[in-house]
Every structure is written in structure tokens, then in C-alpha cells.
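Note sheet for the following structure.
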Amino acid sequence: MSRKKTEQEYRKTFAFRFFRWLNAEEDRYLDKVEMHPQEPYVETEEDIRRRQREKNALLNKLYGRKKSKSVRYLELFYKGACIVFCGILIYLLLLTVSYLPPIGVADRPVNNEVSRRYIEEGLDETGAVNIVSGMILDYRAFDTLGESHVLFVATVTVLILLRADHKKKERSSAGEEMAYSLEEAEINDRNYEPKNDAILQMAACILVPIIIIFGIYVILNGHLGPGGGFSGGAIIGAGLILYLNAFGFQKTQRFFTEKTYKWVSFGSLSFYCIAKSYSFYTGANHLENIIPKGTPGAILSSGLILPLNIAVGLVVACTMYAFYVMFRKGGF
Amino acid sequence: MTVFTYMLMGFLVCCAVSVSLSKNLLNSILIYMSYSLVMSIIWVILESPDLAITEAAVGAGVTSILFFVTLKKIHAIDEREKRKKHEQEED
Numbered sequence: 000m001s002r003k004k005t006e007q008e009y010r011k012t013f014a015f016r017f018f019r020w021l022n023a024e025e026d027r028y029l030d031k032v033e034m035h036p037q038e039p040y041v042e043t044e045e046d047i048r049r050r051q052r053e054k055n056a057l058l059n060k061l062y063g064r065k066k067s068k069s070v071r072y073l074e075l076f077y078k079g080a081c082i083v084f085c086g087i088l089i090y091l092l093l094l095t096v097s098y099l100p101p102i103g104v105a106d107r108p109v110n111n112e113v114s115r116r117y118i119e120e121g122l123d124e125t126g127a128v129n130i131v132s133g134m135i136l137d138y139r140a141f142d143t144l145g146e147s148h149v150l151f152v153a154t155v156t157v158l159i160l161l162r163a164d165h166k167k168k169e170r171s172s173a174g175e176e177m178a179y180s181l182e183e184a185e186i187n188d189r190n191y192e193p194k195n196d197a198i199l200q201m202a203a204c205i206l207v208p209i210i211i212i213f214g215i216y217v218i219l220n221g222h223l224g225p226g227g228g229f230s231g232g233a234i235i236g237a238g239l240i241l242y243l244n245a246f247g248f249q250k251t252q253r254f255f256t257e258k259t260y261k262w263v264s265f266g267s268l269s270f271y272c273i274a275k276s277y278s279f280y281t282g283a284n285h286l287e288n289i290i291p292k293g294t295p296g297a298i299l300s301s302g303l304i305l306p307l308n309i310a311v312g313l314v315v316a317c318t319m320y321a322f323y324v325m326f327r328k329g330g331f
Numbered sequence: 000m001t002v003f004t005y006m007l008m009g010f011l012v013c014c015a016v017s018v019s020l021s022k023n024l025l026n027s028i029l030i031y032m033s034y035s036l037v038m039s040i041i042w043v044i045l046e047s048p049d050l051a052i053t054e055a056a057v058g059a060g061v062t063s064i065l066f067f068v069t070l071k072k073i074h075a076i077d078e079r080e081k082r083k084k085h086e087q088e089e090d
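So the protein sequences, as listed, match chains B and F. With numbering that gives the first Met the number 0, the residue at position 23 of the first sequence is 22, and numbering never jumps. With numbering that gives the first Met the number 0, the residue at position 85 of the second sequence is 84, and numbering never jumps.
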């Protein structure tokens, strides 16, 4: 059995002295060397002036602050060249404007047969009552495909830029009771969620269902009235953000995680690609398109426009929400 | 109707100028939001409701929220931080 030593006995042992030496706790010079407190350093005016002179000399040597004649001429030339360049640029731009066709003339390039055809035959060819929707999702569907992909690429870029470190995330999710360092709290501010603001939660309870239903209405009604995939998706995304703000990340994670985002975006974009490839293929080869147009004005009409609207709306809603989440805490 | 349109246009110009002149970043975002709202009304007057819906949802809604989050991330609207700085300056 080991015997407990008292503190004074322990102080005499070798181990105590060894650890004291190891930890450098002993001050060898205490009570042995006479010490004076250091006098505060006072700078005289002479010293300051000398220091300034030395600093200036050093700066001159390094950066050539004291300009030589050639440097001064170069700077003058630089300023002059800037002014001349700007003048030339303004002149060129104004010249281009003057070459634009005059407003209100009958044979402007805007007044070609394309717009007339859109207006006159758009209803028959696309089946959409809303001409704008018929244009962007049928005649110019390729543009809209590009826009959806631009949004997707933008989210991916934000994901790469703002993504929080994976290790840190694991650590913070493992120990919830742990005190978080400031840095961690800054990256992952989910730890202070939800704030349970009564007013915000009440407002969200009333507003979020209405906002999301309005968004769905705008998407589904895109070929009949104003609206469409992009605006409806943005409305739904705004509703999701409001819900997230009111109730915190834990509630939204039940139905929207990174996986959801990935699969919804991937599914919608690939559906868009495949559907439009089919219609391009049949259109280019003058084949019969098997997708029925339906009666104009009915909700199930205008061929591919309704499903394409839904696809675009899903992508945009997910992207808006993902942007917000990424900005908030760098990851879902 | 034209008087109303001119009033909106004037408001638009005022907003655009005051966004860049405002010293408080939070204020400039709020002014930017109202700019987008007025812009969406103007789109309705110009008979393009599609654009109006998009402008109201994206311009006034999502973009401003992203601006807010960015400001919070760079501690531009953190009140406690500001107070701390103020105290340090007074010391």
C-alpha cells in the first residue's frame, strides 16, 4: 500500500524538484538578485526627427517616394493617356449608338416576322394562352434551359466557396453541450437556433402556407396567366426561407437536406433536358409530336409547358433556399 | 395614371441616389428593397405582370435577405459589436 505523503514531505523529494524544473515554476533569481524597475522610454524631439528621417530615407530607397524626373513624367503621361483613352471609349460608344436604327421606323430589325408569328400563331403552335410562357418554354426553351443551369452552377460555386469544414461540423454535431469557440459559432450559427420568437412564429404560421400555395398556383398557372416557373419558384423559396427563420434548421431538415436538393435539382434539370431533346428532335425531323396540346385555357393544356414549368420551379425554389442556407452556415 | 407613373419614376431615382449616398449599410439595403417594390409596380403599369411577380419575389425578397445574411456575417449589423467599439473609442 502506498503511503500518502504530506505536502511538506513531498516538497523535499526529488520528483517535486524535477517537475518544478520541468515546468519552470521556480524563479531562481527571486530574492537573490537586486532588481530595478526599468525606466519608461522617453523620446526626445531630436530622436523623433532622426527616426522620421531614417524612415523616409528607407522608403525613398525602397519605393522611390521622392520622384525622379522620369517617374514624374511617366505619371503625367499615365494620367493623360487615361483621359485620352476614356475619351476614345466614350466617342466609340456614342458612335455605336448613332448607328442604331431610328425608333419607330417600319423596317427596324425588331419588326420582323418573328414577333408577329409569336402573337398570331403562338396559341395554335404552343397551346399556351400566356404568350410569354409559350415563348420562353417553347420557342426559346433552349434559353430557359441555359438559365436553369446557370442557377445550378451558381449554387455549386457557392457550395464550393462557402462550405464549412467537414471536421468542424462533425465535432459540433457530436457534442451539443460543448462550449463552442467563437470561430465555430461564426461558421455554424445553427447552435443558437431556434430563437423561438413568438411574433415571427405566429406570422410564419399564417403566411408560409399562403405564400407556398401562391407559389404553386403561379407555377401551375404559368401557361394561362402571368407567372411561370421562375417567379413561382422564387416565391416558394422565399416562403421556405421565412419558415426556416421562424422555426430553425432542425424542423426544415426533416424534409429538406442536401440529398433532397441534389436529387430534386438533378431530376428536374435532366427531365427538362430529355423533354426538350424530344421536342427538338421531332421538330427538326418534321415528325409528329405525340404530346397532346389540349384545349387552350384548360389547366392540362399546352403540351410540355406545364411539366417544364414545374421542373424550373422546383430548381429555382431549391436554389433560392440553398443559397440562403449556404450563406447562413455553409452547408445544409 | 401618368402622374402616378411620374411619381413612381421620381421615387425610383430618389431611391437609386440615396442607396449609394446612405452611410448605414442596413439602411441602403432597406432602400434597395423599396426600390425593387416600386420597380415591380412600374412593371405592372408597363403591362408585364410576369416581370412584376419575379421582381417582387427576387429583387425585394430573396436578394435582400441574402444581403442581410452577408451583413450579419461580416458583423456590419451586430449591435453589441458596435457598442463595444464605441466604448473602446471613448476609453
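Quick reminder that beta carbons are idealized off the backbone N, C-alpha and C, glycines included. Note that the structure is predicted; figures quoted are calculated from it, not measured.
Rounding to the nearest angstrom, what Cα-Cα distance links residue i and residue j in this structure?
{"i": "Leu286 (chain B)", "j": "Ile298 (chain B)", "result": "26 angstroms"}
{"i": "Asn22 (chain B)", "j": "Phe13 (chain B)", "result": "14 angstroms"}
{"i": "Leu91 (chain B)", "j": "Gly282 (chain B)", "result": "42 angstroms"}
{"i": "Gly232 (chain B)", "j": "Thr251 (chain B)", "result": "17 angstroms"}
{"i": "Asn288 (chain B)", "j": "Thr4 (chain F)", "result": "46 angstroms"}
{"i": "Lys78 (chain B)", "j": "Arg49 (chain B)", "result": "35 angstroms"}
{"i": "Asn195 (chain B)", "j": "Tyr31 (chain F)", "result": "29 angstroms"}
{"i": "Phe56 (chain F)", "j": "Ser69 (chain B)", "result": "One point to set straight first is that residue 56 (chain F) is Ala, not Phe, in the sequence displayed. Cα to Cα, the separation comes out at about 57 angstroms."}
{"i": "Val2 (chain F)", "j": "Val18 (chain F)", "result": "24 angstroms"}
{"i": "Phe255 (chain B)", "j": "Glu112 (chain B)", "result": "46 angstroms"}
{"i": "Val152 (chain B)", "j": "Tyr138 (chain B)", "result": "24 angstroms"}
{"i": "Phe248 (chain B)", "j": "Leu36 (chain F)", "result": "29 angstroms"}
{"i": "Ser147 (chain B)", "j": "Val83 (chain B)", "result": "42 angstroms"}
{"i": "Ala75 (chain F)", "j": "Leu25 (chain F)", "result": "8 angstroms"}
{"i": "Leu88 (chain B)", "j": "Asn55 (chain B)", "result": "40 angstroms"}
{"i": "Ile234 (chain B)", "j": "Ala245 (chain B)", "result": "17 angstroms"}
{"i": "Val16 (chain F)", "j": "Pro101 (chain B)", "result": "31 angstroms"}
{"i": "Gly293 (chain B)", "j": "Asp123 (chain B)", "result": "10 angstroms"}
{"i": "Gly9 (chain F)", "j": "Glu46 (chain F)", "result": "19 angstroms"}
{"i": "Glu42 (chain B)", "j": "Leu75 (chain B)", "result": "41 angstroms"}
{"i": "Arg10 (chain B)", "j": "Met34 (chain B)", "result": "28 angstroms"}
{"i": "Ser300 (chain B)", "j": "Ser276 (chain B)", "result": "20 angstroms"}
{"i": "Lys258 (chain B)", "j": "Phe270 (chain B)", "result": "18 angstroms"}
{"i": "Leu305 (chain B)", "j": "Val131 (chain B)", "result": "13 angstroms"}
{"i": "Phe17 (chain B)", "j": "Pro36 (chain B)", "result": "31 angstroms"}
{"i": "Trp262 (chain B)", "j": "Leu268 (chain B)", "result": "10 angstroms"}
{"i": "Lys3 (chain B)", "j": "Val32 (chain B)", "result": "37 angstroms"}
Is the Cβ-Cβ distance between residue i and residue j less than 8 angstroms?
{"i": "Ser39 (chain F)", "j": "Glu54 (chain F)", "result": "yes"}
{"i": "Ile218 (chain B)", "j": "Leu241 (chain B)", "result": "no"}
{"i": "Ala321 (chain B)", "j": "Thr154 (chain B)", "result": "yes"}
{"i": "Ser278 (chain B)", "j": "Leu303 (chain B)", "result": "yes"}
{"i": "Gly133 (chain B)", "j": "Ala127 (chain B)", "result": "yes"}
{"i": "Gly236 (chain B)", "j": "Val315 (chain B)", "result": "yes"}
{"i": "Leu144 (chain B)", "j": "Cys272 (chain B)", "result": "yes"}
{"i": "Pro291 (chain B)", "j": "Asp49 (chain F)", "result": "no"}
{"i": "Gly238 (chain B)", "j": "Gly214 (chain B)", "result": "yes"}
{"i": "Leu91 (chain F)", "j": "Tyr323 (chain B)", "result": "Outside the displayed span of chain F (0 to 90) sits residue 91 (chain F), for which this structure offers no information."}
{"i": "Asn308 (chain B)", "j": "Leu150 (chain B)", "result": "no"}
{"i": "Val68 (chain F)", "j": "Arg327 (chain B)", "result": "yes"}
{"i": "Gly121 (chain B)", "j": "Gly228 (chain B)", "result": "no"}
{"i": "Ser230 (chain B)", "j": "Ile52 (chain F)", "result": "yes"}
{"i": "Leu223 (chain B)", "j": "Gly296 (chain B)", "result": "yes"}
Run through chain B and tell me which residues come within less than 7 angstroms of residue i, C-beta to C-beta.
{"i": "Ala75 (chain F)", "result": "Chain B residues near Ala75 (chain F): none, gap ~14 angstroms exceeds 7 angstroms."}
{"i": "Ile52 (chain F)", "result": "Val217, Pro225, Gly226, Ser230"}
Give the residues of chain F in contact with residue i, contact being defined as C-beta atoms less than 9 angstroms apart.
{"i": "Tyr323 (chain B)", "result": "Val61, Ile64, Leu65, Val68"}
So with CB distances below 7 angstroms, who are the chain F contacts of residue i?
{"i": "Gly236 (chain B)", "result": "Val61"}
When you compare the CB of residue i with every CB in chain B, is at least one pair closer than 8 angstroms?
{"i": "Val37 (chain F)", "result": "no"}
{"i": "Val2 (chain F)", "result": "no"}
{"i": "Leu45 (chain F)", "result": "no"}
{"i": "Met6 (chain F)", "result": "no"}
Under a CB-based cut-off of 8 angstroms, is residue i close to chain F?
{"i": "Phe326 (chain B)", "result": "yes"}
{"i": "Ala310 (chain B)", "result": "no"}
{"i": "Ile240 (chain B)", "result": "yes"}
{"i": "Ala140 (chain B)", "result": "no"}
{"i": "Ala233 (chain B)", "result": "yes"}
{"i": "Val131 (chain B)", "result": "yes"}
{"i": "Met134 (chain B)", "result": "no"}
{"i": "Met319 (chain B)", "result": "yes"}
Quiz item: Using Cβ-Cβ distances below 9 angstroms, what residues of the stretch 11-24 of chain F are close to chain B?
Solution: Those residues of the stretch 11-24 of chain F that come within reach of chain B (Cβ to Cβ, closer than 9 angstroms) do not exist; the list is empty.
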